[in-house]
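Undergrad:
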Amino acid sequence: SVLVDEEGTVWAGTAGGRNRSVRIDGVEDLAWVRYIDQPIGPAIPSNLVSALEAQPREGRDHIWAACSVASGDAFDPSTQEPGVVVWRGDDADGRPIFETVLLGVTAEDIAFDEARAYVAASDGLYVSDDDGASWRIVRVFRDAVGNVLPVGPRARAVATTPGVLWVGVSAGPSGGRPDPGAGLLRSTDGGRTFELFRADVQPDASGEGDRTVDAYAYPNPFNPRDGRLRVRVDLDAPADVRIRIYDAAMNLVRTL
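Counting in our numbering, the sequence shown runs from 160 upward without gaps.
Quick look at the structure:
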């Protein structure tokens with residue numbers, strides 16, 4: 160991951176720590192300071208920095224990072240723990256001020272809506288209204304009338320537009336239940352209720368620019384490791400339906 164903040168400092172997240180560019184008088188190229196998991200000094204909870212985001216603040220922006228456990232000869236996984244760490248500036252002696260705000264959480268993306276922070280993580284969507292001091296987690300996504308939306312809990316990506324939160328969720332097991340699938344979620348109330356968007360083709364559509372299909376299935380081609388295959392068929396009246404599924408070589412795989 161890489162980020163250039165409002166003062167032109169380059170932050171680079173690698174599998175070997177969080178790096179910050181510095182300027183040295185008389186040296187044309189950038190120099191670098193690296194922060195890694197360590198018991199003494201400015202540390203991060205783990206060394207694989209997969210996401211960096213700047214939180215606009217009065218004065219210096221805060222830089223948030225998603226950290227995962229790194230392995231290899233140079234790192235000891237037993238001393239690391241995934242989490243989200245925030246750089247909140249430097250102290251009077253120029254030492255960085257790091258604060259871990261989510262320890263033990265494997266985060267994948269970070270976004271902000273003014274003072275509210277959102278973290279997309281492997282076990283759900285984390286929301287903080289107080290700059291990371293406390294969090295609520297959304298693992299079951301509901302619409303405005305309380306219906307549970309058929310998506311998995313794993314939040315892979317998060318972004319904001321004015322007044323709107325967008326969350327990309329991927330397929331994944333949910334509490335021992337069958338895989339509920341993936342989709343794009345939109346929230347206009349700070350992540351409390353959501354609207355679900357998915358690929359959709361209306362069979363026998365008649366509007367301008369629509370295309371007529373007998374049935375619609377996705378994803379196509381389908382990989383069984385990714386979750387469910389969805390098939391949509393619209394009928395004029397109740398009827399029995401036979402569905403034949405073929406592989407890419409047109410070999411019949413299953414009849415439903």
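Quick reminder that beta carbons are idealized off the backbone N, C-alpha and C, glycines included.
As the structure is a prediction and not an experimental result, all values here were calculated from the model.
#1: For V264, tell me which candidate among D252, F271, G253 and A224 has the shortest Cα-Cα distance.
#2: Just to check my reading of the structure: A299 and V307 have Cβ atoms closer than 8 Å, yes? What is that Cβ distance to the nearest angstrom?
#3: Put P255 into one of helix, strand or coil per three-state DSSP.
#4: Work out the CA separation of D302 and F416 for me, nearest whole Å.
#5: Which residue marks the beginning of the beta strand (DSSP E) containing N178, and which one marks its end?
#6: Using only alpha-carbon positions, find the residue among D184, G185, I183 and N178 that is nearest to Y194.
#7: So A210 and A174 are in contact, right, with Cβ under 8 Å, and what is the actual spacing, rounded?
#8: Within a Cβ cutoff of 7 Å, which residues of the same chain sit near A374, ignoring the five residues on either side of it in sequence?
#9: S287 by DSSP, collapsed to three states: which one?
#10: Who are the Cβ neighbours of G335 in its own chain at under 7 Å, not counting the five residues just before and after it?
#11: Could you tell me whether the Cβ of V299 comes closer than 7 Å to any Cβ of chain D?
#12: With distances taken Cα to Cα, identify the nearest neighbour of D249 among P241, E273 and R219.
#13: Pick from G242, P321 and H221: whose alpha carbon is nearest that of L416?
#14: Using only CA atoms, which one of V260, G311 and V304 lies nearest to V286?
#15: Considering just the uninterrupted stretch of the beta strand (DSSP E) at T414, what are its terminal residues?
#16: Beta strand (DSSP E) containing R403: first to last residue?
TA: This is what the structure holds:
#1: A224
#2: The sequence given here has Val at residue 299, not Ala. So it is a contact: roughly 6 Å between Cβ atoms.
#3: strand
#4: Any question about residue 416 goes unanswered here, given that the chain covers just 160 to 415.
#5: G176 to V181
#6: N178
#7: 13 Å between Cβ atoms; not a contact.
#8: P362, V390, R391 and V392
#9: strand
#10: Confidence in G335 is poor, its pLDDT being 43 and thus under 50, which makes the residue's placement unreliable; the coordinate value appears in the next sentence. Cβ neighbours of G335 beyond the five flanking positions: none.
#11: Judged by its chain identifiers, the structure shown contains no chain D, having just a single protein chain.
#12: R219
#13: Any answer about residue 416 is impossible in this case: the structure gives the chain only from 160 up to 415.
#14: V260
#15: L411 to T414
#16: R403 to Y405
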